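In this note's numbering, the protein residues as written are 2 to 307.
All C-beta atoms, glycine included, are put in the ideal place defined by N, C-alpha and C.
Everything numeric in this text was worked out from a predicted model, so none of it was measured.
Heads up, the thing below is written out as structure tokens.
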Amino acid sequence: MSRLTLDRRALLGAVPLAALAPRALAAEAPLRFVAVGDWGRDGASHQRDVAAVMGAAAAATGSAFTVSTGDNFYENGVTSATDPQWKSSFEDVYTHPALQGRWYAVLGNHDYRGTPQAEVDYAATSPRWFMPARYYTASPAPHVDLFFLDTSPVVQSYRAKVHSRIAENVASQDVGAQLAWLDAALGKSTAAWKIVVGHHTIRSGGSEHGDTPEMVAQVLPILKRRGVQLYLNGHEHDLQHIARDGMNFVCSGAGSEVRPTGNVEGTKFALSRSGFATFAVARDALDLEMRDYTGASVYGTTIGRA
């Protein structure tokens, strides 16, 4: 186990993560946050367990915010900003005080089975749910820029689902405009770290989906050309870290139900167990840790800035 491994006492705050951070991170007051995806099941399938330990981890590490990597509500999204699932799958589950700050969220394919705009609308009424548009940027620290994508419209197979809700919803979205926006936004960024968040995979060893061909063909070239160091996604119900194509691919899609996963080219870690990821981003290094639904640290590594 790496030097980032913490025992149960550390999770509960006995040993703050900062005390164990590498020298470079400790000196730079890193930006810390947690990430979880594929979670909205009314608390079932370890969702509530993950929420509890993620809250404890957020408190112990001083997390500034939460990133949700999509598929926020199963099976068919939400219908409106007053849908009861906002309470049963979100407000009543993520109750820890450390999770009451901002949630930067993206849409997943299951969200597209409902009314995607409802999740944007909810942001106007919620003090923590943040989705000002279907794709957007955030600059939570001087050395970190985040870029949030709406990836379902990129996937061609959804458009072929005749008379389906997801096909109707993706048909109204302009993929070319989003890709042009991403390229321009990344080109303007001068941050030391450019982190892109989307629901669908680019590189993956998951048993259900694997690589998403359209993301590889259309999004990956932009990320590589613009010097993105890390792509964070959900979609696969597991935890993964892959180093390939000159960058890092991190899957945090194990917020509830999980599926088998495995190794592919570049795999550093893959685990089929409910859990979440934590990040600590300093100017010259990023610490990644993954924890399971019991709070155990299952993986830790440091990624240098290219």
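Residue of the options minimising C-alpha distance to residue i
i	options	result
L187	D212, Q174, A124, F148	F148
K195	N73, R114, R284	R284
D212	A181, C252, G247, G228	C252
Q157	S165, V220, A278, E215	E215
A193	L231, G41, L108	L231
R129	Y159, H97, P143	H97
E237	V259, F34, P85, I223	V259
V107	F131, D93, T126	F131
D184	Q219, I243, A30	Q219
L221	G235, H210, I203	I203
D43	V121, L272, A58, S89	S89
Three-state secondary structure (DSSP) of residue i
i	result
D288	strand
P141	strand
F91	helix
D43	coil
H210	coil
R306	coil
Pair within 7 Å by beta-carbon distance, residue i and residue j
i	j	result
V145	V37	no
T80	T116	yes
Y136	Q174	no
T279	I243	no
Chain-order list of residues whose beta-carbon lies under 7 Å from that of residue i (same chain, five-residue window excluded)
i	result
A25	The predicted model places A25 with a pLDDT of 40, which falls under 50 and marks its position as unreliable, so this point remains unresolved.
CA-to-CA distance, residue j to residue i, given in whole angstroms
i	j	result
G78	S257	15 Å
G63	G199	24 Å
D93	V51	13 Å
A27	G254	At A27, the pLDDT of 42 sits below 50, so the modelled position is not reliable; the number obtained from the coordinates is stated separately. Each residue's alpha carbon lies about 28 Å from the other.
L233	H164	31 Å
K189	D122	28 Å
Own chain, CB closer than 8 Å to residue i, minus 5 neighbours either side, in chain order
i	result
E76	H111, R114
K162	A168
beta-carbon residue i near the ligand ADP non-hydrogen atom, thresh 6 Å
i	result
S190	Absent from the structure shown: the ligand ADP. Ligands present: none.
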